[in-house]
Amino acid sequence: MGVSVADDDNRQRFIAIALPHLDAAYNLARWLTRNDHDAEDVVQEACMKAMRHFGGFRGDVVRPWLLQIVRHTCYSWLKENRPAEVVSFDDSDAAWRESAAPAADEPHAVAQRKADRALINQAIASLPVAYREVLVLRELEDLSYKDIACIADIPIGTVMSRLARARGLMQQALLPGARPVLRTVARHAPHAALRGEKK
Amino acid sequence: MSTPLDLRHLNAFLDSELSLSEQLEMETRLEQDDSLRSEVTGLQGLRSTVRQQADYHAAPAALRNRIAALAGTPPVSTAAPTPQRRFASRPAGLALGLALAALLTWGIVPRWWQATHDDRLMQQAIASHVRATLGQRLVDVASSDRHTVKPWLSARLDFSPPVHDLQAQGVVFLGGRVDYLDERPVAVLVYKQKEHVIDAFIWPTQEAESPMRASSHRGFNARHWTHAGMSYWLVSDLNQDELAVVAYSLERKDSGDTAR
Numbered sequence: 001m002g003v004s005v006a007d008d009d010n011r012q013r014f015i016a017i018a019l020p021h022l023d024a025a026y027n028l029a030r031w032l033t034r035n036d037h038d039a040e041d042v043v044q045e046a047c048m049k050a051m052r053h054f055g056g057f058r059g060d061v062v063r064p065w066l067l068q069i070v071r072h073t074c075y076s077w078l079k080e081n082r083p084a085e086v087v088s089f090d091d092s093d094a095a096w097r098e099s100a101a102p103a104a105d106e107p108h109a110v111a112q113r114k115a116d117r118a119l120i121n122q123a124i125a126s127l128p129v130a131y132r133e134v135l136v137l138r139e140l141e142d143l144s145y146k147d148i149a150c151i152a153d154i155p156i157g158t159v160m161s162r163l164a165r166a167r168g169l170m171q172q173a174l175l176p177g178a179r180p181v182l183r184t185v186a187r188h189a190p191h192a193a194l195r196g197e198k199k
Numbered sequence: 001m002s003t004p005l006d007l008r009h010l011n012a013f014l015d016s017e018l019s020l021s022e023q024l025e026m027e028t029r030l031e032q033d034d035s036l037r038s039e040v041t042g043l044q045g046l047r048s049t050v051r052q053q054a055d056y057h058a059a060p061a062a063l064r065n066r067i068a069a070l071a072g073t074p075p076v077s078t079a080a081p082t083p084q085r086r087f088a089s090r091p092a093g094l095a096l097g098l099a100l101a102a103l104l105t106w107g108i109v110p111r112w113w114q115a116t117h118d119d120r121l122m123q124q125a126i127a128s129h130v131r132a133t134l135g136q137r138l139v140d141v142a143s144s145d146r147h148t149v150k151p152w153l154s155a156r157l158d159f160s161p162p163v164h165d166l167q168a169q170g171v172v173f174l175g176g177r178v179d180y181l182d183e184r185p186v187a188v189l190v191y192k193q194k195e196h197v198i199d200a201f202i203w204p205t206q207e208a209e210s211p212m213r214a215s216s217h218r219g220f221n222a223r224h225w226t227h228a229g230m231s232y233w234l235v236s237d238l239n240q241d242e243l244a245v246v247a248y249s250l251e252r253k254d255s256g257d258t259a260r
């Protein structure tokens with residue numbers, strides 16, 4: 001297979017410019033696939049794609065660009081391997097009504113409580129994937145709404161509502177005594193909780 | 001009272017994503033509305049809990065090497081074409097190249113160059129440290145949370161520095177800033193032990209791994225080492241022994257990271 005000079009150039013540039021953001025790429029893939037092995041496969045595939053298309057990259061911010069490719073690759077992978085997780089999403093008002101907003105003093109109690117690390121991780125892992133990705137991009141990558149909108153391919157208004165909803169679900173999951181299912185789910189099969197929740 | 005619109009705006013307010021006028025409007029509303037205020041406090045609590053406690057999955061070293069290999073680059077380093085090669089195209093250059101090669105073989109030039117280079121870097125690092133402490137602007141991003149500082153730095157630099165807190169060692173993590181050293185933008189992680197500020201300068205380097213070396217200049221102490229393609233300079237007015245403890249803790253945390 002012949003590799004052109006341009007390809008070679010792109011690869012070199014990719015190593016210098018995009019590889020420093022590999023942690024961010026892996027973190028996103030790991031949270032979306034919830035599995036080390038699958039995350040590695042997805043990131044590797046995404047990087048191959050990114051290298052091929054690096055010639056077309058004209059922006060100056062590599063991280064959102066790379067994350068967009070990783071996210072897209074994750075979704076293709078999920079569609080193929082866990083189709084139940086990528087249901088089409090209803091961001092309309094109706095989706096909001098199904099869960100009441102927590103009473104005002106409850107989240108405060110959560111803040112005061114020294115929440116358990118495993119519980120936090122489990123609560124994030126149990127979020128539907130569309131909420132999980134905006135939460136991870138916002139809280140762990142500290143990206144702006146604009147970047148998140150670009151990565152997840154949704155309008156900024158949708159970023160706002162999904163993030164609000166994701167945090168609402170997190171607050172509910174972290175309420176003392178709420179959702180014991182989150183605590184009993186085995187670590188190696190976290191998606192079982194999600195399937196249960198979708199019902 | 002929590003209509004969906006309020007919650008969306010409350011979250012955007014928390015993330016500083018509202019326009020200035022909306023932000024001010026929300027602040028006025030918060031002053032008057034107790035339940036709204038407690039909701040914001042709750043969301044802030046949730047946010048810091050998630051940022052501090054959620055796992056950040058760093059890419060495994062094996063994956064990084066595999067991708068570098070796929071790109072046709074040996075994982076160790078990408079050496080730029082050496083100047084000798086350009087010289088060699090002309091006869092005069094060839095002679096100079098040979099002389100240079102001889103010096104290189106004896107190891108005189110590298111050692112001399114390295115020493116003055118390190119000296120210069122130490123002085124630059126100390127100057128930056130002093131400027132920051134004098135100007136009361138120690139950090140650009142003030143946070144004891146490495147999940148806040150690391151993305152902030154990676155967004156502004158062409159690399160992602162390893163960020164560790166050393167709370168277990170009794171060292172307070174104040175945050176980070178970006179500075180200019182060795183003719184490039186570098187990450188500075190700022191720590192405090194007792195009343196002493198410690199600056200950790202980090203940037204990618206082509207230099208080989210080197211063990212930790214201590215030096216001092218005008219009452220400031222420094223520690224320098226390179227590991228996994230990153231150059232580290234710690235500068236502080238802390239005494240050499242205590243600075244060594246901090247430096248070794250940082251180095252150990254770092255090796256733990258790359259070994260994982």
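Top line first, the protein sequences correspond to chains A and B. Take the first sequence: its position 74, counting from 1, is numbered 74 in the numbering used here, and each next residue is one higher. Take the second sequence: its position 245, counting from 1, is numbered 245 in the numbering used here, and each next residue is one higher. C-beta atoms are modelled at their ideal positions from N, C-alpha and C, and glycine is treated no differently.
Contacts that residue i makes with chain B (C-beta to C-beta distance below 9 Å)
| i | result |
| --- | --- |
| V43(A) | A59, L63, I67 |
| L78(A) | Going along chain B, no residue has its Cβ under 9 Å from L78(A), so there is no contact; the nearest lies around 17 Å. |
| E40(A) | A59, P60, A62, L63, R66 |
Cut-off 8 Å between Cβ atoms - residues of its own chain near residue i, not counting five sequence neighbours on either side
| i | result |
| --- | --- |
| A240(B) | For clarity, residue 240(B) is Gln in the given sequence; the question names Ala instead. A214, S216, N221. |
| H129(B) | V197, D199, F220, V235, S236 |
| M122(B) | S215, H217, A222, H224, W233, V235 |
| H147(B) | R51, Q52, A54, Y56 |
| L135(A) | I124, L127, L163, A166, R167, M170 |
| N27(A) | V136, L140, E141 |
Cβ-based neighbour list, residue i, same chain, cut-off 7 Å, excluding 5 preceding and 5 following
| i | result |
| --- | --- |
| A149(A) | P155, I156, V159 |
| S210(B) | W225, T226 |
| Y131(A) | R162, R165, A166, L169 |
| R11(A) | M51 |
| Y75(A) | V86 |
| K194(B) | none |
Chain-order list of residues whose beta-carbon lies under 6 Å from that of residue i (same chain, five-residue window excluded)
| i | result |
| --- | --- |
| E85(A) | L78, V129 |
| A168(B) | none |
| E207(B) | T226 |
| A94(A) | Annotation note: pLDDT 41 at A94(A) (below 50); position unreliable, no value reported. |
| G229(B) | P204 |
| P185(B) | L157, V178 |
| I17(A) | V62 |
| I15(A) | none |
Cross-chain neighbours of residue i in chain A, by beta carbon under 7 Å
| i | result |
| --- | --- |
| A12(B) | M160 |
| Y56(B) | N27, L140 |
| A132(B) | In chain order: nothing, as chain A lies at least about 23 Å away. |
| A155(B) | R63 |
| H227(B) | Neighbours of H227(B) on chain A: none; closest Cβ ~16 Å, over 7 Å. |
Per-residue burial, residue i [other beta carbons within 10 Å of its own, 16 or more giving buried]
| i | result |
| --- | --- |
| A180(B) | Sequence inspection shows Tyr at residue 180(B); the Ala mentioned does not correspond to that position. That one is exposed. |
| R252(B) | exposed |
| G135(B) | exposed |
| I116(B) | The sequence given here has Thr at residue 116(B), not Ile. That one is exposed. |
| T3(B) | Residue placement at T3(B) is poorly supported in this model, since its pLDDT is 49, which falls under 50; the coordinates still yield a value, given next. Classification for T3(B): exposed. |
| K150(B) | buried |
| D9(A) | exposed |
| N81(A) | exposed |
| G55(A) | exposed |
| G72(B) | exposed |
| P20(A) | buried |
| S21(B) | exposed |
| A25(A) | buried |
Within chain B, the residues that residue i reaches when beta carbons sit closer than 8 Å
| i | result |
| --- | --- |
| E141(A) | P151 |
| D8(A) | G72 |
| G168(A) | L7 |
| I17(A) | D158 |
| Q68(A) | Under the 8 Å cutoff, chain B gives no residues; its nearest Cβ is about 15 Å from Q68(A). |
Under 8 Å by beta carbon: chain A residues contacting residue i
| i | result |
| --- | --- |
| P23(B) | Position check: residue 23(B) holds Gln in this sequence, whereas Pro was assumed. Chain A residues near Q23(B): none, gap ~14 Å exceeds 8 Å. |
| F159(B) | P20 |
| D15(B) | R138, Y145, L163 |
| R47(B) | E139, R167 |
| T148(B) | D142 |
Within chain B, the residues that residue i reaches when beta carbons sit closer than 7 Å
| i | result |
| --- | --- |
| F14(A) | A71 |
| D23(A) | A58, A59, S160 |
| C74(A) | Neighbours of C74(A) on chain B: none; closest Cβ ~13 Å, over 7 Å. |
Contacts of residue i in chain A (Cβ-Cβ under 9 Å)
| i | result |
| --- | --- |
| S144(B) | Residues of chain A passing the Cβ test: none, with the nearest at roughly 15 Å. |
| S128(B) | Result: empty, since nearest Cβ-Cβ is about 22 Å, beyond 9 Å. |
| H164(B) | Within chain A, no residue comes near H164(B); the closest Cβ sits about 14 Å away, beyond 9 Å. |
Meets three-Cβ-pair contact criterion under 8 Å: the segment 41-49 of chain A and the segment 137-145 of chain A: Taking a contact to require three or more Cβ pairs closer than 8 Å, the segment 41-49 of chain A and the segment 137-145 of chain A do not qualify as touching.
Secondary structure, alpha helix (DSSP H): runs of 4+ residues fully inside the segment 136-223 of chain B: List check, alpha helix (DSSP H) in window: 146-156.
Segment contact, 8 Å Cβ cut-off, at least three pairs: the segment 47-63 of chain B with the segment 16-32 of chain B: Contact fails: fewer than three Cβ-Cβ distances are below 8 Å.
Within the segment 124-149 of chain A, ranges of the alpha helix (DSSP H) (whole runs, at least 4 residues): Those alpha helix (DSSP H) runs which fall completely within the segment 124-149 of chain A and span 4+ residues are 129-135.
contact_flag[the segment 131-140 of chain B, the segment 42-58 of chain B] where n(CB pairs < 8 Å) is 3 or more: Touching, no, given that fewer than three Cβ pairs across the two stretches are closer than 8 Å.
Length at least 4, wholly inside the segment 2-41 of chain A: the alpha helix (DSSP H) runs in chain order: Considered as a whole, the segment 2-41 of chain A harbours 5-17, 22-33 as its complete alpha helix (DSSP H) runs of no fewer than 4 residues, in chain order.
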